[in-house]
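Q: Structure incoming, see below.
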Amino acid sequence: MVSVINSIDTAHEDMIHDAQLDYYGTKLATCSSDRSIKIFDVKSGQQTLITNLLGHEGPVWQVAWAHPMFGNILASCGYDRKVIIWKESNGTWGKLYEYSNHDSSVNSVCFSSHEFGLNLACGSSDGSISVISSTGDGNWDIKKINNAHTIGCNAVSWAPAVTPNSLMDHSGRPQMVKRLVSGGCDNLVKIYREEDGQWSEEQKLEGHSDWVRDCAWAPSIGLPKSIIASCSQDCRVIIWTNDGTSNNWSSKVLHKFNDVVWHLSWSITGNILAVSGGDNKVSLWKESVEGQWVCISDVNKGQGQVTEGQKTS
Amino acid sequence: MRIKEIERTANISWSPAEQYPIYMVTGTAAQQLDATFSTNAALEVYNLNLEDSSLNMPIISTTQSEGRFHKVLWSSFGMTEDMPTGMIVGGTDSGGLLGYSASKLLDGNKDCLVLKNEKHTGAVKALDFNSYQHNLLASGGSDSEIYVWDLNKPETPMTPGTKSQPPEEVACVAWNKQVQHIIASTFASRCVVWDLRKNEPIIKVSDSMSRIKSKLVVWHPDVATQMCISSEDDHTPVIQLWDLRYATSPLKVFENHTRGILSMAWSQHDSDLLLSCAKDNRILCWNPNTNIQGGEVVYELPTSNQWCFDVQWCPRNPAILSSSSFDGHITVYSLMGGGHPIQTTDKASDSFHTTDSFAQATMNQQNNIMPLQKPPKWLRRPVGASFGFGGKLLTFETEKMKPGQQSSTHPVYLSQVVTENDLLNRSLQLEQAMNNNQFHEFCSMKSANCTDPIQENIWSFLQASFEKNSRDQFIHLLGYDKRVLGEKISEHIKSDESPDQGVDAKELAEKMTRLDARDSPLLGGMMAGGDKSPSWGSKTPGSRDELSGGSAAFDDIAAQSRIKSGDMRPISPLVISTDKDAEGLLSEALLTGNYEAAVEMCLHENKMAEAILLAIAGGTELLKKTQKRYFEINKSNLGRLISSVVTHDWKHVVRTCSLDNWKEALAVVLSYSSHMEYADLCDTLATRLENEGEGELSMYASLCYICSGNVEKLVENWYQNTELVNTSRSLQDLVEKVTMLRKAVELSRGQVPQITTGRLAEKLSCYAGILAAQGSLDTAIRYLGSSNELTLSVLRERLYKAIGQPVPGMADPDFPFQKVNIQSKSAPKQPAVQISQTAQTRSAQKFGGYTQPQNSFQTVTTASTSYSQYQSPYAAVNGSVPTQPQAIYNPAATAGPQLSPTQISPKGHLSHRYPSCPAASAAYGLEPYSSTAQYSQAGYNTNVPYSQPDYYSTYNPTASQPVSSGVYNPTSTLMPGGQSMNASSIQSSIPSFMDHKPTSAWNDPPAIQDRKPKQSCFIQPAAITAPVMDGMTQQMVDDQAPPGAPVYSNLYNPQEHQVQPQTPPPPEPVKEIQKGPIPAEHQILQDIFNSLVHNCLSAARNAQTKRKLEDVNRKLELLYDRLRADSLSQSVILGLHQIVQAVQQYDYSTGLQIYTQLVSQGNFSEISSFMPGLKMLIQSAHQLQVYVQAQ
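Dropping the structure here:
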C-alpha cells in the first residue's frame, strides 16, 4: 500500500534527475537539469526550502547524503564532470570539496557505509570509478579505477559494511572489506573489492544485453547472503545473489518490463525494491517466502492511486 | 573518444538495435582501392566487443562476395526463431542487390547468400529499410530507378511512381520515421518525396536560392514533416532542414563545413544530435532543433586528417558512432568518452619525441574537451524512486509538457509504503488494549482466534496471569477441576465397587467436597475450580500449617472409612492373638503400648495401613519416621507423589517426573509451592521440557514461563520453537505475548521487568525496526526500551529525530555515533581550539611522528583497533601518502594509549579516524597530564608544552634544527601503556618527506602548509629546505642527478637517528644505503620496464635507438631510486602502475595517455628526472613493435 503523504513542488526549472532523503528522512535533496540542487525540510509534512545549491555547470545527475556522524554532508555529481561535496555548517550550506578529475559526465555518486569512514564512489562516462575518501582534515584521498566500464559507468553502489564473509572470520574482529558494485555501458555489472588500499575487479556479472542503468547493493539484513539488483536499458531487472560461502553469484530475472528501467532503490530494511521505468511507472517488489519476486504495488504517477496486485515475475 | 578501429576500406552497417551482441558488417567499398590494388570483395562481420577495452574488434565471420559494395545495410527483417540475427543487404557496383542471412553468415555457412537480384541498372547506392515493416526495402540505382521490395516476395518490386525526370542517379532513399508509407529520395539537383499509397511523388524539394548538390536525405526522428538534405557541393557545403509543410525554402541551413558533405546521420535516440562528415576532414555534430543562425555545432569529433565518407550511429548503443575514412580506417567513437584518446596524426611533431611534458599536457587538454555541451537525452534520467527511513518513498517523473503549457512543474512525491498491513493493525490493537487496560479482553480474544491448541493455551495462560488468583486459574487450565475430579472419583469408585469392600463412594465425594471447604490443600488444590469462595481463593495453598491439617484430614478419612467399613460388616468378637507368631508379637507390642515396636512389626509384615495408623497414635516423630520408611518401601509412582506431597519436596517432582506428566507436575507446583520457590520450580520444569522434551513438549515450557512470569525465558523458548523468527508475523506474536506477560508481571509484582540485553532486546529492536519501516515511528520508539545496546540506541536516536518532535516521556537521545568534523581544506582561519590542535600537529610532525605522548590529548576519541585498519591502505604504499599530514591523521595520534572503552562504538571503526574537534579539545585540557605523568619525562613536559604560545615558540623558524634533536627525549618514544603498536607501520603511514627529514622542524608556519594543495607538498620540502639542509636536498630537486644516486638516502640524516636510539628506524632509508630492493609492490615496475628496455634493445637495429634506450635505462634508474626512497606521491605511483598495466596489455597508446596525464598533473620536480625516459621507452616499444609478457 502506497499513499502519498506529501507532494513537494520543487520549483526546479527542468527535469529532476534524483531525489534523496537524508538518514532521518527529514531532509530532501533534489537535483535537476537546471544545474541546481535544492534541499527541503520535509519534517512532519512540511516542505520548506532550506537552500538552493549552485555550483554545477551542467545538469546534476545524482545526490547522496553522508551519514550524520560526519555532519550534514551531501554529494552531487553532474554532466560538468564535477563531483561536489557540500556541507552545512552553522546553518549555511557551502562547498566542502570539489573533485574534477573525470574526463566526462559523472553519472553516479554513492557514500559508503559509515563504518568505513567518509568514502564517496563516483562513476563516470569516461569509464572510470573514483573513490574519494576524507582524511578528516580537509584532505581527500583519491583512488581511481580506470577502465571500469568501457564507454561509461552509469551507477555505483557500496556493499554494506558487514559482508557475508565476516561471519566466517574467526578473528573476533569483524572483517571489513570494502566492496562496490558498478554498472555501465558495456552491459556489465562488476564488483570491485579493496585490498591493501588497491581496488581490483572481483566479479564480472554478465546478464544484461544493453546498458546497465543502475545497480544497487541491498542493505544487509543480518543474513550471510549478499544481494545486488541491476536494471538495464534492456528493460530487465536482475537480482544477483551470493550465498556468502563462495564467490559464485547466481542471477534471476526479476521481471522484464515494457520500457527501459532507469532506477532501483532498496528499502532501508532491504526487503523491498523500488523499480522505476521509462514509462514513468514505479513498482515495488518483494521476495516471497518461496524465493519468488512478487510485485506488491504499482505506484502510479505519484498521484496516490494505489493498486495492489500479486503479479509474479 | 575513439574506442575501436578496423583497418578496412569498406562500407559498413551496424547490426540492428534488436541484435545483441552488437556487430558491424563491412562490405568492401566499391570504387576505392587500397595499396594492394586487390579487387577482391568480401563481407565481414566484426564484434564490437566493448567488454575489452582495447581497440581491437574481433572478426567473427567473412565471406567472399561477387561484387564490391556501395551500400550495406543490416536489417532486422526475418528476425525469427530460426534466423535471429536478421538480414544483410548490399548494393553492388553492377546493379546487384545481394541479401545475406546474417545468422548463416555468422555461422560461417557458405550458403549465406539468400537473395540475388540484378534488376537495377547501374550501381545501387541507395538502400533503406522501412522501420515499421522490416520486409520493405527501398533501393535506388541510376537512371532515376527506385524500387520498393517486399523481401517476402522479392521477385516483383514496386515503384513508388513514375520515374522522376530528368533521369539521374539516385543518391539516397529514406523512409519516413513516423509515417510508414512516405519515402524520400535524392537526386543531384532535387529531392523527391513519394507517397506509396498514392503511388506518386507528393513533393519535390529544390531550393531556388542556393545551388546545392543534394546527396543525402535524413528524416527527423520525431517530427514527421522535417528532413535534412546535405549538399555535396564544395561551394555550398550546407545541410538544409526542410519542413514539408512550408516547402518553399529550407527552414534552417546549417553552415560550418568548408567542403562538400559526404554523409549524415540523425540519432534515433536523441533528435538533438545530427552527425555530418565532409571533405574538409571534419565530423560535426549538430543540434538541428535550435534556432541558432547557421546551425549549432554541439561537438566536433577529433578526427584524422582524412576524409570520412560515412558516419553512422550505432542503433543499439546510443553513444557509439562509426566513421569510415578513405585512408582505410573504420573508427568507432564514443560520444561520452571512456575510450582511447584520438591519435593526432600529427606524426611530425610526435617524431621529435618531445620530452617537454608540458607541451604534451596542453595537447592532451585539448583532446579532453567535453564532448557535448548539453547531455544527450539518454543520459537524462527521467524518473526515479528512492526509499528513505521509515518506509518513505520518494518518486519523481518527467511530466509530458501539455500543449500550450509554458513550463512544467517538477514535483517530488513523498509516499508512505506499507507492506505489513496486518502487522500494523495488530500493533494498533495491542496499543489500544494496553492504553485501555483491556488485558483480559485482548488475551481472550487472542485465544479465541487461535487455531493452534498450544497457542490457545498460551493465550489462556496469559489471560489467567492477569487474574488475582492466577495460580488457581493455571491449575484449572491444566485440566484439574475440583468438581469434575469429584465426580470422576465417585464414578471410578462405583465401577470398581466390590461387594465386600465398601467405601461409600457418594459419601467419599461428599467428604472431598467437605475437605475442600476445609481448605485441604491437596485435594482442594487439585480440584480448584472457577467458582470458589473468596476465602478459599485468596489463600495460597502450600503452607506447612495447612499441610499438617491436610494429613489430619487423611486421618479423618481413614478413621471414618474404618468405622464405615466396620459398620458394614457383621460384628464379631474381638480376639487378641497371643501366639508367638507375628500377630502375637504385634498384639503384645500393642498391648504394652510400644508403638514403635508395633509399627516395626507392621512394616515388617507389610501391613502399611496398620503401621501408619499406629504411627499416628505414636506421635509426630514416629509418624514421620514411618512415612519415610513407607515411601522407601513403596516405590510406586503414586507413592512417590504422595511422598513429595507429604514431605513438601516439589523439586523432586519437577525434577524426576516423566515429562509426559508435565501438566501434573506443574499442577503440583502451582498447588503447593511457596511464593519463594514457585517461580524457580516453574522454570526448572520448563527447562526440563526444553532440554529433554521434544516437539510440543518443548513448547509447553512457555506455559511454565508464563506461570513464573519469566519474560526473557519465554522469548528464548519462542525463539527456539519458532522457525521464521524474523518474519513480522511471528515477531508480532511474540511482542503481543511479551507485552502482555510484562504487564501481568508488572501488575502482580508492582514493577516492570527491565529489558536489558539479549534476545528480547534484539527481538524488540527487530520489531521496532519493522514498525519503523512501516512508518509507525511513534509506536516503534516505545518498544525500544531504554537499553544502551548500540543497535537500539542507533534506532532510538534515528526514530526520535525522524519523528521530529519531542516524544512524551523520552529524553532527547544522545547521538550514538562518534561525531566527525570534516573540515574544509580551504578553511581560512581555524578557531582557537583548532589552532592549538594544529600546533600540536606541527610539533608531532617535527619529531617525525615519534612523539606519542603528546598525542594523548586525543586519546578519548581514538581506538587502537581502528588505527591498524585505517592505516593499512597507507602502509601498502609505503608512506607515500599524497596528502598533507595533520594531527587528526597522524598515526601516532590515532594510536593514543588510553582508551576509554565506553567511547568506542563497536561498529564505528573508522569513526575514530577523525576525532572531532570539540572532543579533542575537551580532552586536551585533561588528559595530557595524566598520561605525561605516566612517562614522567621532564624534558617532554617542558619541551612539548601544552599552552598555545609555547607551540609557537617551538615553531620559531630560527629554532629550526636544534628543536628536534635537542628537545626530543628519546625515551619518550616508548609506547605508552605497553601499546603493542607496530613501529614500522607508524613509519609507513607518515608522509614520505617527513620520514626522511626529521629535521622538518624547519618550519613553515602551519597555516601555510595546511593550505598547500596536494601536489605541491612534494616539492615543497625541496624548495624550502634547500638552505637548511646544507645543500643535500639539492640533489632531490636536481633532475640531472647522476643516475643511480640514492637521492633520499643522502637526505636522510643518520645523526638524527642516533639521537633517537629507541626510535624505530625508518626501514627504507636504512636499507637503501646499499641500494636495496625496490619495495615489493613496486617491483613489477622495475621488472616490466627493464624487460621492455631489454626487448627493445634486442629489437633495435640502429645505433641511435640503442643510445636512446641506454638513456632510458639511466632515467629509469632514477625512477627506481625514487621508488626505493619511497619518495613518489601516490598519484604518480598509481599512474606508473597503470602504465605498466597498459604496457602489459600492449596498449601503448593508453600508456602514453596515462603518461601525459601524469605529467600534466604531477609535480614537475618530482617526476621530471625520469618521466621523459619512460615516454621514450613506450614510444620505442610502440615503434619497434616490442611487447613484454605479463609476469
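Those protein sequence lines, which keep their order, are chains A and B.
For what it's worth, numbering that gives the first Met the number 0 labels the leading residue of the first sequence as 0, then goes sequentially.
For what it's worth, numbering that gives the first Met the number 0 labels the leading residue of the second sequence as 0, then goes sequentially.
Note that CB positions come from ideal geometry on N, CA and C, so glycine has one too.
#1: Hey, is the region 1173–1183 of chain B in contact with the region 1147–1160 of chain B, meaning 3+ C-beta pairs nearer than 8 angstroms?
#2: So which residues on chain A does B:Gln1085 lean against when the C-beta distance must stay under 8 angstroms?
#3: For A:Cys109, which residues of its own chain have a beta-carbon under 6 angstroms away from its beta-carbon, when the five flanking residues on both sides are left out?
#4: For B:Ile202, which residues of its own chain have a beta-carbon under 8 angstroms away from its beta-carbon, when the five flanking residues on both sides are left out?
#5: Name the chain A residues that come within less than 7 angstroms of B:Trp52, Cβ to Cβ?
#6: Expressed to the nearest angstrom, what Euclidean distance is found between the alpha-carbon atoms of B:Val172 and B:Pro314?
#7: Please list the terminal residues of the continuous beta strand (DSSP E) segment that includes A:Thr29.
#8: Less than 7 angstroms between C-beta atoms, sequence neighbours within five positions excluded: which residues of the same chain meet that for A:Leu179?
#9: Along the chain, where does the alpha helix (DSSP H) that runs through B:Arg1 open and close?
#10: Beta-carbon within less than 7 angstroms of B:Cys477's beta-carbon, same chain only, minus the 5 sequence neighbours each way: which residues are those?
#11: Which term fits A:Tyr96, buried or exposed, when burial requires 16 or more other beta carbons within 10 angstroms of its beta carbon?
#12: Quick check on DSSP: helix, strand or coil for B:Leu273?
#13: Less than 9 angstroms between CB atoms is the rule here; does B:Gln132 satisfy it with respect to chain A?
#14: Could you check the C-alpha separation between B:Ser1168 and B:Asn1089 for me, to the nearest Å?
#15: Among the candidates A:Arg80, A:Ser123, A:Ile72, A:Lys143, whose CA atom is the shortest distance from the CA of B:Gln1129?
#16: Output needed for B:Ser459: all residues of its chain with C-beta closer than 7 angstroms, excluding positions within five of it in sequence on either side, in chain order.
#17: Quick check on B:Ser910: buried or exposed, where buried means 16 or more other Cβ atoms within 10 Å of its Cβ?
#18: What three-state label does DSSP hand B:Glu926 in the structure shown?
#19: A:Tyr23 CB to nearest chain B CB: under 9 angstroms?
#20: Starting from A:Lys86, follow the beta strand (DSSP E) in both directions and report where the run begins and ends.
#21: What does DSSP give as the partner residues of A:Ala215 in its beta bridges?
#22: Quick one: Cα of B:Asn10 to Cα of A:Trp261, how far?
#23: How would you call A:Lys203, buried or exposed, if buried means at least 16 neighbouring beta carbons within 10 angstroms?
#24: Quick one: Cα of B:Thr394 to Cα of B:Met23, how far?
#25: Pick helix, strand or coil for A:Gly243, following the three-state DSSP scheme.
#26: Does chain D have any CB closer than 9 angstroms to the CB of A:Asp242?
#27: Would you mind reading off the limits of the beta strand (DSSP E) that contains B:Pro200?
#28: Mind listing the chain A neighbours of B:Lys214? Cutoff is C-beta to C-beta under 8 angstroms, in chain order.
#29: Out of curiosity, what's the CA-to-CA distance linking B:Arg7 and B:Leu274?
#30: Contact between the region 700–718 of chain B and the region 411–430 of chain B is defined here as three or more beta-carbon pairs at a separation below 8 angstroms; is this criterion met?
#31: With a threshold of 7 angstroms on Cβ separation, who are the neighbours of B:Leu49 within its own chain once the five nearest residues in sequence on each side are excluded?
#32: What did DSSP end up calling B:Met698 once you bin it into helix, strand or coil?
#33: Checking the sheet assignment: what are the DSSP bridge partners for B:Ser230?
#34: If you run the structure through DSSP and keep just helix, strand and coil, what is B:Asn367?
#35: Since B:Ser230 contacts B:Pro200 with CB under 8 angstroms, what's their CB separation in whole angstroms?
#36: Classify B:Phe438 as buried or exposed, calling it buried when 16 or more other Cβ atoms lie within 10 Å of its own Cβ.
A: So, from the listed chains and residues:
#1: yes
#2: On the second sequence, position 1086 is the one that residue 1085 of chain B refers to. Under the 8 angstroms cutoff, chain A gives no residues; its nearest Cβ is about 18 angstroms from B:Gln1085.
#3: The residue you call residue 109 of chain A lines up with position 110 of the first sequence. Cβ within range, chain order: Ala63, Ala120, Val155, Ser156, Trp157.
#4: In the second sequence, counting from the first residue as 1, residue 202 of chain B sits at position 203. Hits under 8 angstroms: Val191, Val192, Leu243, Ala246.
#5: Position 53 of the second sequence, counting from 1, holds the residue named residue 52 of chain B. Correcting the residue identity first, residue 52 of chain B is Ser in this sequence and not Trp. Residues of chain A passing the Cβ test: Asn146, Thr149.
#6: The residue you call residue 172 of chain B lines up with position 173 of the second sequence. The residue you call residue 314 of chain B lines up with position 315 of the second sequence. One C-alpha to the other measures close to 18 angstroms.
#7: Working through the first sequence from its first residue, we reach residue 29 of chain A at position 30. Per DSSP, A:Thr29 belongs to the beta strand (DSSP E) from 26–31.
#8: Here residue 179 of chain A refers to the residue found at position 180 when the first sequence is read from its first residue. For A:Leu179, where only same-chain residues beyond five positions count, the Cβ hits under 7 angstroms are Ala120, Val155, Ser156, Trp157, Ala158, Tyr191.
#9: To locate residue 1 of chain B, count along the second sequence from 1; it is residue 2. For B:Arg1, there is no enclosing alpha helix (DSSP H); the enclosing beta strand (DSSP E) covers residues 1–5.
#10: The residue given as residue 477 of chain B occupies position 478 in the second sequence. Rather than Cys, the amino acid found at residue 477 of chain B in this sequence is Leu. For B:Leu477, where only same-chain residues beyond five positions count, the Cβ hits under 7 angstroms are Lys662, Leu665, Ala666.
#11: The residue labelled residue 96 of chain A in the question sits at position 97 within the first sequence. With 16 or more other Cβ atoms within 10 Å, it is buried.
#12: Sequence index remark: in the second sequence, residue 273 of chain B carries index 274 (1-based). Strand, per DSSP.
#13: Within the second sequence, residue 132 of chain B is the residue found at index 133, counting from 1. No, because no Cβ of chain A sits closer than 9 angstroms to the Cβ of B:Gln132.
#14: Looking up residue 1168 of chain B in the second sequence gives position 1169. Looking up residue 1089 of chain B in the second sequence gives position 1090. Each residue's alpha carbon lies about 17 angstroms from the other.
#15: By one-based count along the second sequence, residue 1129 of chain B stands at place 1130. Nearest option by C-alpha distance: A:Lys143.
#16: What you label residue 459 of chain B is simply residue 460 of the second sequence in a count that begins at 1. Around B:Ser459: Ser446, Leu476.
#17: To locate residue 910 of chain B, count along the second sequence from 1; it is residue 911. Because B:Ser910 carries a pLDDT of 38, less than 50, the predicted location of this residue cannot be relied on, and the following value inherits that uncertainty. Its Cβ being crowded by 16 or more others within 10 Å, B:Ser910 is buried.
#18: Within the second sequence, numbered from 1, the residue matching residue 926 of chain B stands at position 927. Confidence at B:Glu926 is low in this model, with a pLDDT of 38, below 50, so the placement of that residue should be treated as unreliable; the coordinate-derived value is given next. The answer is helix: DSSP assigns B:Glu926 an H, G or I state.
#19: If you number the first sequence from 1, residue 23 of chain A lands on position 24. For A:Tyr23, the answer is yes, since a Cβ of chain B falls inside 9 angstroms of its Cβ.
#20: Sequence index remark: in the first sequence, residue 86 of chain A carries index 87 (1-based). Boundaries of the beta strand (DSSP E) around A:Lys86: 82–88.
#21: Within the first sequence, the letter at position 216 stands for residue 215 of chain A. A:Ala215 is bridged to A:Ala228.
#22: Your numbering for residue 10 of chain B matches position 11 in the second sequence. Your numbering for residue 261 of chain A matches position 262 in the first sequence. Distance between the alpha carbons of B:Asn10 and A:Trp261 is about 35 angstroms.
#23: Within the first sequence, the letter at position 204 stands for residue 203 of chain A. Note on A:Lys203: under 16 other CB atoms within 10 angstroms of its CB, so exposed under the neighbour-count rule.
#24: Counted from its first residue, the second sequence places residue 394 of chain B at position 395. Counted from its first residue, the second sequence places residue 23 of chain B at position 24. When rounded, the distance between both Cα atoms is 40 angstroms.
#25: Position 244 of the first sequence holds residue 243 of chain A. In this structure, A:Gly243 counts as coil in the three-state DSSP scheme.
#26: No chain D appears in the structure shown, which is made up of the protein chains A and B.
#27: Walking along the second sequence from the start, residue 200 of chain B turns up at place 201. B:Pro200 -> beta strand (DSSP E) spans 199–204.
#28: Taking the second sequence and counting its residues from 1, one reaches residue 214 of chain B at position 215. Chain A residues near B:Lys214: none, gap ~30 angstroms exceeds 8 angstroms.
#29: By 1-based counting over the second sequence, the position of residue 7 of chain B is 8. By 1-based counting over the second sequence, the position of residue 274 of chain B is 275. C-alpha separation (whole angstroms): 21 angstroms.
#30: Contact fails: fewer than three Cβ-Cβ distances are below 8 angstroms.
#31: On the second sequence, residue 49 of chain B is found 50 positions in, with the first residue counted as 1. So the list is empty, once near-sequence residues are dropped.
#32: Locating residue 698 of chain B in the second sequence gives position 699, counting from the first residue. Helix, per DSSP.
#33: For the purposes of this step, residue 230 of chain B is taken as the residue at position 231 of the second sequence. Answer is B:Ser213, bridged to B:Ser230.
#34: As a first step, residue 367 of chain B is located in the second sequence; it is residue number 368 there, counting from the start. Reliability of the predicted coordinates at B:Asn367 is poor, the pLDDT of 48 falling under 50, and no value is obtained from them.
#35: The sequence position of residue 230 of chain B within the second sequence is 231, counting from 1. The sequence position of residue 200 of chain B within the second sequence is 201, counting from 1. Actually they do not touch by this definition, with Cβ atoms about 21 angstroms apart.
#36: Taking the second sequence and counting its residues from 1, the one referred to as residue 438 of chain B is at position 439. With 16 or more other Cβ atoms within 10 Å, it is buried.
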